[in-house]
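S.K.:
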Amino acid sequence: MPGLLRLQWLVPGICALFLAGCNPFSEAKPMMTEYLERLARVLEAPVVSLPEELPPASQLPRRRDRVLDMPELDIGMLEFLSLYGCELQYVVGEKNSVMGRVMQPVNRLRYEVRFIRAAEDCLPEMDDEELGETLAEAIESKRDSLPRAVWNATWGTEEIENLFTLSKGFYPAGEGQLPVSDLLRDLEQLSETVTALLRPQLDVSLDNLGAIHQRWQAEYRAGQLVNSARLLIATLDTGTEVLQARLAERPLCLNGKPNNQSDIVHSFFFSVYIGEVQPYMSDVSRAADTLIAGFAELAAKQEAQIPEAFGGWARRHLQAGEEGSLWHQLDGAMMRHTRHWQQLLEQCGLRPGA
Numbered sequence: 011m012p013g014l015l016r017l018q019w020l021v022p023g024i025c026a027l028f029l030a031g032c033n034p035f036s037e038a039k040p041m042m043t044e045y046l047e048r049l050a051r052v053l054e055a056p057v058v059s060l061p062e063e064l065p066p067a068s069q070l071p072r073r074r075d076r077v078l079d080m081p082e083l084d085i086g087m088l089e090f091l092s093l094y095g096c097e098l099q100y101v102v103g104e105k106n107s108v109m110g111r112v113m114q115p116v117n118r119l120r121y122e123v124r125f126i127r128a129a130e131d132c133l134p135e136m137d138d139e140e141l142g143e144t145l146a147e148a149i150e151s152k153r154d155s156l157p158r159a160v161w162n163a164t165w166g167t168e169e170i171e172n173l174f175t176l177s178k179g180f181y182p183a184g185e186g187q188l189p190v191s192d193l194l195r196d197l198e199q200l201s202e203t204v205t206a207l208l209r210p211q212l213d214v215s216l217d218n219l220g221a222i223h224q225r226w227q228a229e230y231r232a233g234q235l236v237n238s239a240r241l242l243i244a245t246l247d248t249g250t251e252v253l254q255a256r257l258a259e260r261p262l263c264l265n266g267k268p269n270n271q272s273d274i275v276h277s278f279f280f281s282v283y284i285g286e287v288q289p290y291m292s293d294v295s296r297a298a299d300t301l302i303a304g305f306a307e308l309a310a311k312q313e314a315q316i317p318e319a320f321g322g323w324a325r326r327h328l329q330a331g332e333e334g335s336l337w338h339q340l341d342g343a344m345m346r347h348t349r350h351w352q353q354l355l356e357q358c359g360l361r362p363g364a
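For the sequence shown, counting from 1, position 182 maps to 192 in our numbering; every step adds exactly one.
1) Taking the alpha carbon of residue 112 as the reference point, which residue from 175, 343, 248, 80 has its own alpha carbon closest?
2) Compute the distance between the beta-carbons of residue 193 and residue 229, then report whether it is under 8 Å.
3) By DSSP, does residue 300 sit in helix, in strand, or in coil?
4) Can you tell me which of the three DSSP states residue 305 falls into?
5) I'd like to know whether the C-beta atoms of residue 282 and residue 48 end up nearer to each other than 8 Å.
6) What does the Cβ neighbour count give for residue 132, buried or exposed, with the cut at 16 atoms within 10 Å?
7) Assuming residue 232 is part of the alpha helix (DSSP H), what are its boundary residues?
8) With DSSP as the reference, label residue 37 as helix, strand or coil.
9) Distance, Cα to Cα, residue 156 vs residue 197?
10) Verify whether the separation of the beta carbon atoms of residue 309 and residue 243 is less than 8 Å.
11) Starting from residue 79, trace the alpha helix (DSSP H) both ways and give me its first and last residue.
12) What would DSSP say about residue 349, mapped onto helix, strand or coil?
13) Exposed or buried, residue 345, counting other C-beta atoms within 10 Å across all chains shown (16 or more means buried)?
14) Taking contact to mean 3 or more Cβ pairs, one atom from each stretch, closer than 8 Å, check whether the stretch 263-283 and the stretch 159-176 are in contact.
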């Protein structure tokens, strides 16, 4: 009897898993494959499939091509400041330690901010005019190089490579904006921090940077969105070719009167394209309009620091308005595909919205 009870509890779960595994619309790539196969079938066209090669995309440039060099103060100056009797000696002492010599970008940013603040507090205590001038020059140098430290702590990190990796598949289907909600909140905070630092407003808190980078390390959503854009472009362009070929043949409906085939096509349009594919396109577009656009804005704020290798990558993967960008391609693919569907259904007086 206990065994039977356990079996009764297990059966619904097993059935749910089985049904999920058989539903081609529960994941992005099977959804697109199914759509193209059914599209060809209802239009009585030759079988088509997804192209083996999706539109090109690339990983973030190598870290050595993204990280900007940071100018260092004269060793003698640092040694002197490490002995001087103000808060600056502790800041410099930490930098001179073994751990300080191999600081990660976020910790280096924290050090640069602490140095400037401590040095400015220390400056009025300087009795020696020459030393005061030297320290003032050091402060100016640190302020000039602060935007580099800010860049390195955002785009020069290891964690952002994980966020934009292309090795973790596609954006999940059927989950709307939930997968990116935490990232969007983080990005808003980070953007405010970067804006403040570039003014420069040095009393801004940097405490949240560690948590933001931890989430980047654990999430792959930006790269998944890039992959989904590529998948959708390939699917829609292939589907548009099928629709174009059908439009070049005899009309779907003679004299605009619906028939059995047009009823099948019309049903497929609403149940599969409008009911399954279009919601996924909407999810990807909306997530890109917030997350990807947010990172594009973050890079634009730091435009003066952008390395050459990063600029080309950003134009392809971040910029919505760039003609060669994935997002511009996706917009075009969606418009063309929708237009061809409208033209086909119009032959039967079934154009959506008519």
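The C-beta atom is built at its ideal place from N, Cα and C for all residues, glycine as well. Predicted model, so just to flag it, every value in this text is computed and none were measured.
M.R.: Quick look at the numbers:
1) 80
2) yes
3) helix
4) helix
5) yes
6) buried
7) 231-257
8) coil
9) 20 Å
10) no
11) Taken as a continuous stretch (DSSP letters only), residue 79 belongs to no alpha helix (DSSP H), as it is neither H nor E.
12) helix
13) exposed
14) no
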